[in-house]
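Here is the structure we will look at, set down as structure tokens.
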Amino acid sequence: MKNKRTIRCIYVILLAFLFNVSAMAQEMPFKTDFSKLSAITRLFVEHETDPELFPADRNGRVPALIQISDVGVLPNIPGSNQSQFGKIISGSWDKEEILQLTKDANIEWIEIYGRWNSSRLLNDTTRILSKVNEVQQGLSNGLPINYLGTGVVCGIVDIGFQTDNPTFTDMAGTNPRIKRFWHQNNNSGTAPSGFGYGTEFSAEADILSAKDDDGTHGTHVAGIMAGSGFTTPQLKLRGMSPDADLVFVTIKYSNDTLGGSAKGDYVVANPNILNGFQYVFDYAQSVGKPAVCNLSWGMHTGPHDGSSLFDKAVENLTGKGKIVVGAAGNEAGNQIHVTANLNSDTVYTFGIDRSRNDYSHENFYIDAWGESSSGFAANITLMDTFGNKLVETPFYTSNAASMYKKEFHSGTDTCWLTFSGNPYYVNNGKSEIILSVETNNARLQRVRIGFTGNGRFHAWNSGQTYRWTSGSFLDAVKGNNFAGKYLNGTQNYSVGENGGTGKSTITAGSYVARNNWIDYKGVYHAQNWLNPGEVSGFSSRGLTTDGRMKPDISAPGQLIASAVNYRTYAGWMDENTPIKSTYGGNDQYWTLFSGTSMASPHVAGIVGLMLQANPNLKPSEIREILKSTATHDTFTGKDSNIHYGYGKINAYQAVKRVVNLGIEQSDKKGSFSVYPNPATQSLNLILPQAANKIIKLRLTNAAGEEVYKKSLLCDEMGYSKWNLLELADGFYLCYVILENEIYQSKVLIRH
Numbered sequence: 013m014k015n016k017r018t019i020r021c022i023y024v025i026l027l028a029f030l031f032n033v034s035a036m037a038q039e040m041p042f043k044t045d046f047s048k049l050s051a052i053t054r055l056f057v058e059h060e061t062d063p064e065l066f067p068a069d070r071n072g073r074v075p076a077l078i079q080i081s082d083v084g085v086l087p088n089i090p091g092s093n094q095s096q097f098g099k100i101i102s103g104s105w106d107k108e109e110i111l112q113l114t115k116d117a118n119i120e121w122i123e124i125y126g127r128w129n130s131s132r133l134l135n136d137t138t139r140i141l142s143k144v145n146e147v148q149q150g151l152s153n154g155l156p157i158n159y160l161g162t163g164v165v166c167g168i169v170d171i172g173f174q175t176d177n178p179t180f181t182d183m184a185g186t187n188p189r190i191k192r193f194w195h196q197n198n199n200s201g202t203a204p205s206g207f208g209y210g211t212e213f214s215a216e217a218d219i220l221s222a223k224d225d226d227g228t229h230g231t232h233v234a235g236i237m238a239g240s241g242f243t244t245p246q247l248k249l250r251g252m253s254p255d256a257d258l259v260f261v262t263i264k265y266s267n268d269t270l271g272g273s274a275k276g277d278y279v280v281a282n283p284n285i286l287n288g289f290q291y292v293f294d295y296a297q298s299v300g301k302p303a304v305c306n307l308s309w310g311m312h313t314g315p316h317d318g319s320s321l322f323d324k325a326v327e328n329l330t331g332k333g334k335i336v337v338g339a340a341g342n343e344a345g346n347q348i349h350v351t352a353n354l355n356s357d358t359v360y361t362f363g364i365d366r367s368r369n370d371y372s373h374e375n376f377y378i379d380a381w382g383e384s385s386s387g388f389a390a391n392i393t394l395m396d397t398f399g400n401k402l403v404e405t406p407f408y409t410s411n412a413a414s415m416y417k418k419e420f421h422s423g424t425d426t427c428w429l430t431f432s433g434n435p436y437y438v439n440n441g442k443s444e445i446i447l448s449v450e451t452n453n454a455r456l457q458r459v460r461i462g463f464t465g466n467g468r469f470h471a472w473n474s475g476q477t478y479r480w481t482s483g484s485f486l487d488a489v490k491g492n493n494f495a496g497k498y499l500n501g502t503q504n505y506s507v508g509e510n511g512g513t514g515k516s517t518i519t520a521g522s523y524v525a526r527n528n529w530i531d532y533k534g535v536y537h538a539q540n541w542l543n544p545g546e547v548s549g550f551s552s553r554g555l556t557t558d559g560r561m562k563p564d565i566s567a568p569g570q571l572i573a574s575a576v577n578y579r580t581y582a583g584w585m586d587e588n589t590p591i592k593s594t595y596g597g598n599d600q601y602w603t604l605f606s607g608t609s610m611a612s613p614h615v616a617g618i619v620g621l622m623l624q625a626n627p628n629l630k631p632s633e634i635r636e637i638l639k640s641t642a643t644h645d646t647f648t649g650k651d652s653n654i655h656y657g658y659g660k661i662n663a664y665q666a667v668k669r670v671v672n673l674g675i676e677q678s679d680k681k682g683s684f685s686v687y688p689n690p691a692t693q694s695l696n697l698i699l700p701q702a703a704n705k706i707i708k709l710r711l712t713n714a715a716g717e718e719v720y721k722k723s724l725l726c727d728e729m730g731y732s733k734w735n736l737l738e739l740a741d742g743f744y745l746c747y748v749i750l751e752n753e754i755y756q757s758k759v760l761i762r763h
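Below, the structure written as structure tokens:
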């Protein structure tokens, strides 16, 4: 022990001498060889008892995602709430269990979730802007039926649901449409099978009486996606898929004892979001319906290239009739991102927390990623308002695979630095540096960050480590002006992880829906500086760091009216509330919110309409249809771009395209046809691969109800014929099931 202390003291003195640091470091580096651990996980291994960084459950476990190399070989390590999404496993483990996991040869990567990399909330006329009215009135606009999301499950993974809100009934106000509600934070009842935590509400009365008063975000989002608008005049404020079935999931926070949203502390574990998606898809499969999930959350810890474990898990979860739509984020105006191509030189920028004036200390959190095989390093300099250096740290390199938690002094000025580096991430080969910086005098101190090395790096400033704020990179802070010399943050690459970067996630950006309204008291309000149709100033911009277009599509997201949770309604919201109604003996409110949180459910609800037309659509097909049918105007320009993605969503053209595709959307292994179409008395089917085999035939009507079911033996050519006289005139979906393949076609019957 004495020798170790001696070595430690020598190390500190050497650092101070080499880098002219004017104070002693309070703690020394912890070095690890855990190449399978993310930078955050590496920090947890050394500081797992710090509840501020890693709020654990009552058993001392924290949520994590694990990537394995062989899906057939599962790790034999204790843990809790484990779920599998292809090669990604979610669950909760403590420090010792994680150390055991690193010894498993089948495990490639481990990433735990704490406050450092927690996700955050992103928050009538719009149906016209998106051409949804033309789809909901399809029979009057050349479509075979009125599309209302019938026969589709709309899943909303969020917080703050008022389950007894009138907009979650049918359009007549007669029947509730919430089929399942999984409250992950409520442990008073029985957890859903296979998940082991929270409470599942499945009976109608139980769902209606369940409480989730952690704000109103989920209620507003769900109303946009699939609200019926019941109790609003002429159902004016109905959503995109107003007849869809609903499944709600209230997200579980990473700490069982963590409070709600009163302090804006929306800390959530990514594995619980993935479990929410799985829960929605499982229910939809159990009732034979397609499903689309909306996620209006986001964060900026991750490579922003679709290779995060979260994005990989979504790829494994989604597929035919299983779609995830996410919000791009609200960071475009925050200068959250910097990038530079290093050539053995050093670049500098100032980092700030945008709420720095509200606190005596300043704190912010940065995640930076280098190029493949190119290590890089970062340091911190504390400066006064005259540009004088107070404290300067060494350059800490990503290649060291180390974690440091240090405290530096210069007189009364103090800087706390937590650093974690990772030289190689298994899914993209890139290196990573995470910095958490805190200073003790926000008014008189400035924090400069330096980056040095080779190759391109990207960095994101998320604001405070322990509070829900926003961060910026600047080339000038009051008293320190280095404009043109230091890096200035940009809006580019500001799309967030979770909803904004995944290869199988449909990402929504926001544009302005309106700039004036009349509140329910009759008072006129206007925000004349806004131009309806223009991209929202807050809507996060692309690209992804691997060069893909994001957002995929844009939708109305600024000043959007939808239902809110009356139990959490506040008086200050009155001027933003155009409609007030009464239902169930309580006042109900319909309020204007803004954010890509509002644009995302627009897109998700329209995807619900597309799934009604074809329940087998895949994420790639959805993206391609939205791209090819998008609206372009004077705001978007003719070409796709980082502001609007591929353009503005056009529900009518998208659904029309789906309807006109005609033939099944399963993996094609041969021709498939039904004729004549329209049919009068009988239908003929040719499916060559069904030669001399029995097929199962199933027809559903426009409401998604099964009206015909039969088994047929095909001849040696794969031909069969059946009588239609017992069916009424109308539009039907025809499903042909051969072994494990499902084929689909649209059929119009006219006797």
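Residue numbers (our numbering): 13 to 763.
For glycine and all other residues, C-beta sits at the position ideal for the given N, C-alpha and C.
Predicted model only: the values in this text are computed from it and were never measured.
Counting only the same chain and skipping the five closest in sequence on each side, list residues whose C-beta sits under 6 angstroms from that of residue i.
i: C427; result: L394, V403, F420 and T451
i: L725; result: I706
i: R139; result: N145
i: G272; result: Confidence at G272 is low in this model, with a pLDDT of 32, below 50, so its placement is unreliable and the value that follows should be read with caution. So the qualifying residues of the chain are D226.
Is it buried or exposed, residue i, if we count other Cβ atoms within 10 angstroms and call 16 or more buried?
i: M729; result: exposed
i: R762; result: exposed
i: D503; result: It is Gln, not Asp, that sits at residue 503 in the sequence shown. So Q503 counts as buried.
i: V299; result: exposed
i: I706; result: exposed
i: F376; result: buried
i: W381; result: buried
i: I435; result: Position check: residue 435 holds Pro in this sequence, whereas Ile was assumed. Burial call: buried.
i: R455; result: exposed
i: K738; result: Just to set this straight, residue 738 is Glu in the shown sequence, not Lys. Burial call: exposed.
i: D82; result: exposed
i: D357; result: exposed
i: V535; result: exposed
i: N626; result: buried
i: N473; result: buried
i: Y744; result: buried
i: I219; result: buried
i: S612; result: buried
i: N752; result: exposed
Looking only at its chain, what residues have a beta carbon closer than 8 angstroms to the beta carbon of residue i, apart from the 5 residues adjacent to it on each side?
i: N187; result: T181
i: I285; result: S131, V169, I263, L307, W309, F322 and N510
i: Y731; result: N696, L697 and I698
Throw me the rounded Cβ distance for the residue i and residue j pair, which I believe falls under 8 angstroms.
i: I654; j: R553; result: 4 angstroms
i: K191; j: D255; result: In fact, because the Cβ distance is near 13 angstroms, the residues do not count as touching under 8 angstroms.
i: W194; j: Y125; result: Not confirmed; about 19 angstroms, so no contact.
i: G659; j: T643; result: 6 angstroms
i: R460; j: F398; result: About 13 angstroms separates the two Cβ atoms, so there is no contact after all.
i: M183; j: S240; result: 5 angstroms
Please list, in chain order, all residues of the same chain as residue i whose beta carbon is under 7 angstroms from its beta carbon, the five residues on each side excluded.
i: G549; result: A344 and G345
i: N689; result: V759 and L760
i: N540; result: N527
i: S694; result: K733, W734, N735 and L736
i: I530; result: Y536 and P590
For the structure I just gave you, are there three or more beta carbon pairs, one from the segment 557-576 and one from the segment 202-214, closer than 8 angstroms? no
If contact is defined by three or more beta carbon pairs under 8 angstroms, each pair taking one atom from either stretch, is the segment 226-246 in contact with the segment 593-602? yes
Return the chain-ordered ranges of every beta strand (DSSP E) run that is complete within the segment 175-255 and spans a minimum of 3 residues. 190-195 and 211-213
Considering only residues of the segment 69-93, which uninterrupted beta strand (DSSP E) runs meet the minimum length of 3 residues and lie entirely inside it, listed in chain order? 74-80
Whole runs of the beta strand (DSSP E) within the segment 307-359, excluding any shorter than 3 residues: 334-339
Between the segment 325-337 and the segment 475-488, can you find at least three pairs of beta-carbon atoms closer than 8 angstroms? no
Mind listing, in chain order, the continuous beta strand (DSSP E) runs of no fewer than 3 residues lying wholly within the segment 384-418? 388-396 and 401-404
Touch test, the segment 742-758 against the segment 708-718, Cβ-Cβ under 8 angstroms, three pairs minimum: yes
Curious, which full-length beta strand (DSSP E) runs of at least 3 residues does the segment 453-522 contain? 457-473 and 483-486
Quick check: the segment 292-310 against the segment 112-124, are there 3 or more CB pairs under 8 angstroms? no
Is the segment 664-671 in contact with the segment 622-636, if contact means three or more CB pairs nearer than 8 angstroms? yes
State whether the segment 585-595 contacts the segment 630-640, with contact taken as three or more CB pairs (one from each stretch) at a distance under 8 angstroms. no
Give, in chain order, every unbroken run of the beta strand (DSSP E) that is at least 3 residues long and sits entirely within the segment 574-620. 591-595 and 598-605
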